[in-house]
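Colleague:
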């Protein structure tokens, strides 16, 4: 069983799938070979901007651990209202209502274990594969034309004064920003505890929803499933360190991120020898290679929505 640890670095991780901290001058339209993150860069930037972030994230982690220990978790289904903010320069970036709805449909399947590929869960992990029992409802689509070719990863798309769209009631709505991020970045999320003005998830329009074979292997809407996992307090499966901890007991320790679609069993180099859960949404595999959350991850997410939790403003 993995050892859970709560070092300052682990508790304070602010997840953002990206590899550049600046606005990008030009859009990168080439195929993306791998998902990638620069978590430490994001953490450093956020800590410099807001020294109180450490305190808030420590408090959220303490609340989460206590809620899981005492079984004080959500009793009933959580419904998340979603506001989709579309920033576009070209017709392709101004994605259709149908594509947006396809993303909501993917989320509803992935978070209720009704996705068809859930059946591919290996028998070894079947006992911990979870129906998270969270659903999503499209509340509003906001569109805005822009002259920007790419938005980068400094939350500019969330700032109306800088040409973006401000979040709509982020304490009770999940805001998604769909735009060209650039730099080969699929998307990034704000972890619970961050500022309300930037709370939500940004996803490149090419990888949002069922976006077509042209955007393979990230065309099945799983970038949103992964990023919303971060928004709901999940770490990467490898804990952002070699054989690190994701603070979840039932996800086997992973040596590092996995890419493509690893064949099962994928034996970890972390001792003692065991198989990694590469099909978990919080790994870096291709969309077709990820299709499950675990019960431990479900508990972490559930703790957010109880009274006093970091996202208790969302109705049940």
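Residue numbers (mature numbering (1 follows the signal peptide of the UniProt record, and there is no 0)): -19 to -1, 1 to 297.
Note that beta-carbon positions come from the ideal geometry of N, C-alpha and C, so glycine has one too.
Thinking just about the alpha-carbon of each residue, which of 172, 224, 176, 225 is nearest to the one in residue 207?
Modeller: 172
Colleague: Ignore the nearest five residues each way along the sequence and tell me which others in residue 179's own chain have a CB closer than 7 angstroms to its CB.
Modeller: Listed in chain order, the non-local C-beta contacts of residue 179 below 7 angstroms within the same chain comprise 136, 139, 171, local neighbours out to five positions each way being set aside.
Colleague: Across the region 151 to 164 and the region 33 to 49, are there enough close Cβ pairs to call them in contact, namely three or more that are closer than 8 angstroms?
Modeller: no
Colleague: Provide the residue(s) that pair with residue 275 in DSSP beta bridges, ordered along the chain.
Modeller: 110
Colleague: Decide yes or no for the touch test of the region 46 to 53 against the region 273 to 287: beta carbon pairs closer than 8 angstroms, at least 3 of them.
Modeller: yes
Colleague: Suppose the cutoff is 6 angstroms on Cβ atoms and the five residues either side in sequence are ignored; what does the same chain contact list for residue 245 look like?
Modeller: If we look at residue 245 and ignore the five residues flanking it on each side, its Cβ neighbours are 103.
Colleague: Give me the Cα-Cα distance between residue 112 and residue 92, rounded to the nearest whole angstrom.
Modeller: Approximately 6 angstroms, taken between the alpha carbons.
Colleague: Can you list, in chain order, the residues of its chain whose CB lies under 7 angstroms from that of residue 3, leaving out five sequence neighbours each side?
Modeller: With a pLDDT of only 37 at residue 3, under 50, the local geometry of the prediction cannot be trusted, and the value read off the model is given with reservation. 133, 135.
Colleague: I'd like to confirm the pairing. Which residues does DSSP put opposite residue 126 in its beta bridges?
Modeller: DSSP output for residue 126 lists 69 as bridge partner(s).
Colleague: Are there 16 or more other CB atoms within 10 angstroms of the CB of residue 291, so buried, or fewer, so exposed?
Modeller: buried
Colleague: Is the region 222 to 241 touching the region 73 to 83, taking contact as three or more C-beta pairs under 8 angstroms?
Modeller: no
Colleague: Just to confirm my understanding: we take residue 21, look at its own chain, exclude 5 residues before and 5 after, and list those with CB closer than 7 angstroms. What are they?
Modeller: Model confidence at residue 21 stands at a pLDDT of 44, short of 50, so the residue's coordinates are unreliable; what they give is reported in the following sentence. Correct list: empty, nothing qualifies.
Colleague: Would you kindly work out how many angstroms separate the C-alpha atoms of residue 29 and residue 35, rounded to a whole number?
Modeller: 11 angstroms
Colleague: With 16 other CB atoms within 10 Å as the buried threshold, where does residue 194 fall?
Modeller: exposed
Colleague: Which full runs of the beta strand (DSSP E) of 3+ residues lie inside the region 165 to 192, going along the chain?
Modeller: 168 to 170, 182 to 185
Colleague: Tell whether a beta-carbon distance below 8 angstroms holds between residue 122 and residue 86.
Modeller: no
Colleague: Taking Cβ to Cβ, would you say residue 234 is nearer than 8 angstroms to residue 249?
Modeller: Yes.
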